[in-house]
Amino acid sequence: MSTPTAPIQVDSGPKPEFVTTKKPGLISIDELVKIMEANTLQDDPREKRTERSSKLVKAYLIKNEPEFVRVMGFRDRGWTQNKDKGDAFFKAQRDRADNTDLSGEQKFFRGYTAAVLKFNPRASSFAITLPQDQGGHPLHVERSRLAGLQLLDVTMLINEYTDKPIPPNHPDREKFLTIRPFRFHSFDLVFCDGMVLRTQQRENYREGNEVIRLATSQLILAMQRIKAGGTLVMLLHKIDSFPAANLLHIFSKFAKVEAFKPQKKHATRSSFYMIAKDVQPGHEAAKAVVEEWKGAWWRATFGGEAGTGEPKVDPPESVVVNMLEEFGEQLMEMGRPVWRTQGDALSRTEYAGDGSIVRSESAAGLPGAVKPSPWRDLRESLKENVPLQTSSSPVGPSSWRALRENVPPQITASPIAPSPWDAMRESLKDKLPPQSSTSPTPLDKDLEGV
């Protein structure tokens, strides 16, 4: 597809440079306990629990990153205080995705393949997707435009992920596939945007491990097909969770990594895209992690007493702390525009908004008042840590505040109560780096133009 750029140094990998005014502090156990007691660390109404590794990451970000504190305030309002409204919104969202018409399907499921072929008609595109009869989405790209197409469950390509034989007692033994799709091809650009589908027909024992199986399947296959110097784009969720943060850290060892969050379809959601450029699959760190992913796929597929997959084990605290020590500053740098986009979008919703971007009718004392939030004071305490903006940044992290301050005075007092998230955000301003006018061009233009 695109012409690969010059390979990066394989010995050490790229080292992104981030200038900070104050090094962020790691989170201690005592601080973690206090933060967990004072705040909810739940960031998705569908989550049954948040693993300890992700709680450590979130606590670190609450201590150091005001944009994360801000978005956590909106999440708390939407997921906890206004739970009924939030639940209704997400249920309607799922229903639209599961029962969309042809027009909606074309918007949802054509994806980046159609976009690449539109803007680069000479590109050769190969695709793997779940068949419709197994619960997959309809294909809305003309098959004649694809150089190769495989309709299959990518998690079942056993010869791609292991050289071990299939255990004889596995209930789905006959469903595993021995083919290796596009084995003799290598690619400049790889998209990994598969999701675990509610519509897929699969056995109950697969439910607990399907996220791990799908993620590792995509990553292994992608790394075994990508060209040196190629680009990998992967759909991820919750940049403030340990799995997503750790994956960004891993790829930063053998690629140039950025995070991109579309401002329309994904704005209120936790989803974002990892963009890894100049990927070096021959780097020692890359080869090592592919082997780790193969082991994780095997354990999630054949591990456990029943031989149908063992439960995921949360990593030890030392692994999380080491990741934060090495990558915490870069994580905040990558995550800041992601959290800002989600926070701005959530502020405009009925279930989570407080009028900080667009003043709602309730701010003027009209019907439909927004439920007061206890998090605003916490966010206000961190404002001093917001980075200075230059003319090269069209929308700064404080633009929501500027817009709010330009709203004409209201006759009645705002019903929105102060929030501890506001106070915490204000206290962190001096920890954020000033943005340079010579900073690299964001990759959102790359994807918006694809």
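Residue 1 is where the sequence shown starts when you use the UniProt record's numbering, and the numbers rise one by one after that.
We put the beta carbon where it would ideally sit given N, CA and C, even for glycine.
Quantities reported herein were computed from a predicted structural model and do not represent experimental measurements.
| request: Using the DSSP secondary-structure output, state which residues sit across from HIS237 in a beta bridge. | output: Indexing the sequence shown from 1 puts residue 237 at position 237. Within the DSSP bridge table, the entry for HIS237 names SER271 as partners.
| field | Cβ-Cβ distance between MET323 and ALA255 below 9 Å | value | By one-based count along the sequence shown, residue 323 stands at place 323. By one-based count along the sequence shown, residue 255 stands at place 255. In this structure, ALA255 does not lie closer than 9 Å to MET323 by Cβ.
| field | GLY282 classed as buried or exposed, judged by whether at least 16 other C-beta atoms fall within 10 angstroms | value | Your numbering for residue 282 matches position 282 in the sequence shown. So GLY282 ends up on the exposed side.
| query | Nearest to TYR112 by CA position, among ALA228, ALA59, PRO337, LEU235, is which residue? | reply | Taking the first residue of the sequence shown as position 1, residue 112 is located at position 112. Per the Cα distances, LEU235.
| query | If we ignore side chains and look at the alpha-carbon of each, how far apart do VAL386 and LYS238 end up? | reply | Mapped onto the sequence shown, residue 386 falls at position 386. Mapped onto the sequence shown, residue 238 falls at position 238. Confidence at VAL386 is low in this model, with a pLDDT of 41, below 50, so the placement of that residue should be treated as unreliable; the coordinate-derived value is given next. Answer to the nearest angstrom: the Cα atoms are 21 Å apart.
| said: Beta-carbon within less than 6 Å of GLY353's beta-carbon, same chain only, minus the 5 sequence neighbours each way: which residues are those? | reply: For the purposes of this step, residue 353 is taken as the residue at position 353 of the sequence shown. Cβ neighbours of GLY353 within its own chain (closer than 6 Å, five residues either side excluded): SER347.
| query | For GLY25, which residues of its own chain have a beta-carbon under 7 Å away from its beta-carbon, when the five flanking residues on both sides are left out? | reply | On the sequence shown, residue 25 is found 25 positions in, with the first residue counted as 1. Contacts found: LYS63, ASN64.
| query | Which one or two residues does DSSP pair with residue 467 in a beta bridge? | reply | Residue 467 is absent from the model: the chain starts at 1 and stops at 450.
| said: On the DSSP bridge list, what partners appear for PHE126? | reply: Numbered from 1 along the sequence shown, position 126 holds the residue referred to as residue 126. GLY148, per the DSSP bridge assignment.
| query | Taking buried to mean at least 16 other C-beta atoms within 10 Å of its own C-beta, is GLN132 buried or exposed? | reply | Stepping through the sequence shown from its first residue, residue 132 is reached at position 132. Burial check for GLN132: the Cβ neighbour count within 10 Å stays below 16, so the residue is exposed.
| task | Starting from the C-beta of TYR60, find all residues in its chain whose C-beta is less than 7 Å away, skip the five residues before and the five after it, and write them out in chain order. | result | Numbered from 1 along the sequence shown, position 60 holds the residue referred to as residue 60. Non-local beta-carbon contacts of TYR60 in its own chain, meaning distances under 7 Å to residues more than five positions away in sequence, involve LEU26, ILE27, LEU324, GLY328 in chain order.
| message | What does the alpha-carbon distance come out to for the pair SER252 and SER53? | response | Counted from its first residue, the sequence shown places residue 252 at position 252. Counted from its first residue, the sequence shown places residue 53 at position 53. CA-to-CA, the gap between SER252 and SER53 works out to about 20 Å.
| message | Looking only at its chain, what residues have a beta carbon closer than 6 Å to the beta carbon of ALA222, apart from the 5 residues adjacent to it on each side? | response | Here residue 222 is taken as the residue at index 222 of the sequence shown, counted from 1. Only VAL190, CYS192, LEU232 meet the Cβ criterion.
| query | Do the stretch 123 to 138 and the stretch 269 to 286 make contact, defined as three or more Cβ pairs closer than 8 Å? | reply | With a cut-off of 8 Å, the stretch 269 to 286 and the stretch 123 to 138 do not count as touching, because too few Cβ pairs lie within range.
| field | ILE212 vs ALA306 beta-carbon contact at 9 Å | value | The residue given as residue 212 occupies position 212 in the sequence shown. The residue given as residue 306 occupies position 306 in the sequence shown. Not in contact: ILE212 and ALA306 (Cβ atoms no closer than 9 Å).
| said: Let's test the definition: count the other Cβ atoms within 10 Å of the Cβ of ILE226 and tell me whether it reaches 16, buried, or not, exposed. | reply: Here residue 226 is taken as the residue at index 226 of the sequence shown, counted from 1. Counting C-beta atoms within 10 angstroms of its own C-beta, ILE226 has 16 or more neighbours from the protein chains shown and is therefore classed as buried.
| query | In the structure shown, what three-state DSSP assignment does VAL257 receive? | reply | The count along the sequence shown starts at 1 and reaches residue 257 at position 257. Three-state result, VAL257: strand.
| task | Enumerate in chain order the residues of its own chain whose CB-to-CB distance from ASN180 is below 8 Å, with the five nearest sequence positions on each side excluded. | result | As a working mapping, residue 180 is identified with position 180 in the sequence shown. Just to set this straight, residue 180 is Arg in the shown sequence, not Asn. LEU157, ASN159, GLU160, listed in sequence order.
| Burial state of PRO316, where buried means 16 or more other Cβ atoms lie within 10 Å | One-based indexing of the sequence shown puts residue 316 at position 316. Around the beta-carbon of PRO316, fewer than 16 other beta-carbon atoms lie within 10 Å, marking it exposed.
| Alpha carbon to alpha carbon, what distance is there between LYS264 and VAL313? | As a first step, residue 313 must be located in the sequence shown, where it is residue number 313. As a first step, residue 264 must be located in the sequence shown, where it is residue number 264. Roughly 35 Å separates the two Cα atoms.
| Distance between ALA285 and PHE187 (C-alpha atoms, nearest Å) | Locating residue 187 in the sequence shown gives position 187, where the first residue counts as 1. Locating residue 285 in the sequence shown gives position 285, where the first residue counts as 1. So the two alpha carbons sit approximately 20 Å from each other.
| field | Same chain only: Cβ atoms within 6 Å of ARG336, ignoring 5 sequence neighbours per side | value | Locating residue 336 in the sequence shown gives position 336, where the first residue counts as 1. Correct list, in chain order: GLU67.
| field | Endpoints, the alpha helix (DSSP H) within which PHE251 is located | value | By 1-based counting over the sequence shown, the position of residue 251 is 251. Element bounds for PHE251: 242 to 251.
| Taking the C-alpha atoms as reference points, what is the distance between LEU149 and GLN218? | For the purposes of this step, residue 149 is taken as residue 149 along the sequence shown, with counting starting at 1. For the purposes of this step, residue 218 is taken as residue 218 along the sequence shown, with counting starting at 1. One alpha carbon belongs to LEU149, the other to GLN218, and they sit about 16 Å apart.
| task | Name the residue from PRO262, GLN224, ASP240 whose alpha carbon lies nearest to the alpha carbon of TRP293. | result | Sequence index remark: in the sequence shown, residue 293 carries index 293 (1-based). Comparing Cα positions, the closest option is GLN224.
| Excluding five sequence neighbours on each side, which residues of the same chain lie with their C-beta closer than 8 Å to the C-beta of ALA267? | Within the sequence shown, numbered from 1, the residue matching residue 267 stands at position 267. Close CB contacts of ALA267 within its chain, under the 8 Å cut and outside five residues either way in sequence, are with LYS261, THR341, GLN342, ASP344, ALA345 (chain order).
| query | Count the other CB atoms within 10 Å of the CB of GLU203; is the residue buried (16 or more) or exposed (fewer)? | reply | For the purposes of this step, residue 203 is taken as the residue at position 203 of the sequence shown. Under the 10 Å beta carbon count, GLU203 is surrounded by fewer than 16 other beta carbons and is classified as exposed.
| task | Could you check the C-alpha separation between GLN330 and ASN169 for me, to the nearest Å? | result | As a working note, residue 330 is residue 330 in the sequence shown. As a working note, residue 169 is residue 169 in the sequence shown. Between GLN330 and ASN169, the C-alpha separation is close to 45 Å.
| Does DSSP put THR155 in a helix, a strand or coil? | To locate residue 155, count along the sequence shown from 1; it is residue 155. THR155 falls in the helix class under three-state DSSP.
| field | Rounded C-alpha distance that separates TRP298 from VAL320 | value | In the sequence shown, residue 298 corresponds to position 298, counting from 1. In the sequence shown, residue 320 corresponds to position 320, counting from 1. The alpha-carbon separation between TRP298 and VAL320 amounts to approximately 23 Å.
| said: Excluding the 5 residues flanking THR162 on each side, which residues of the same chain have their C-beta closer than 8 Å to its C-beta? | reply: For the purposes of this step, residue 162 is taken as the residue at position 162 of the sequence shown. Within the same chain, THR162 has close Cβ partners LYS294, TRP297, TRP298.
| Contacting residues, own chain, Cβ-Cβ under 6 Å from PHE126 (five flanking each side not counted) | For the purposes of this step, residue 126 is taken as the residue at position 126 of the sequence shown. Counting only Cβ-Cβ distances below 6 Å, and skipping sequence neighbours, we find ALA147, GLY148, PHE182.
| Alpha carbon to alpha carbon, what distance is there between THR216 and PHE184? | As a first step, residue 184 must be located in the sequence shown, where it is residue number 184. As a first step, residue 216 must be located in the sequence shown, where it is residue number 216. THR216 has its alpha-carbon roughly 21 Å from the corresponding atom of PHE184.
| task | Closer than 6 Å by C-beta to LEU197: which residues in its own chain qualify, once you throw out the five before and the five after it? Chain order, please. | result | Along the sequence shown, read from residue 1 onward, the residue named residue 197 stands at position 197. Same-chain partners within the cutoff: GLY135.
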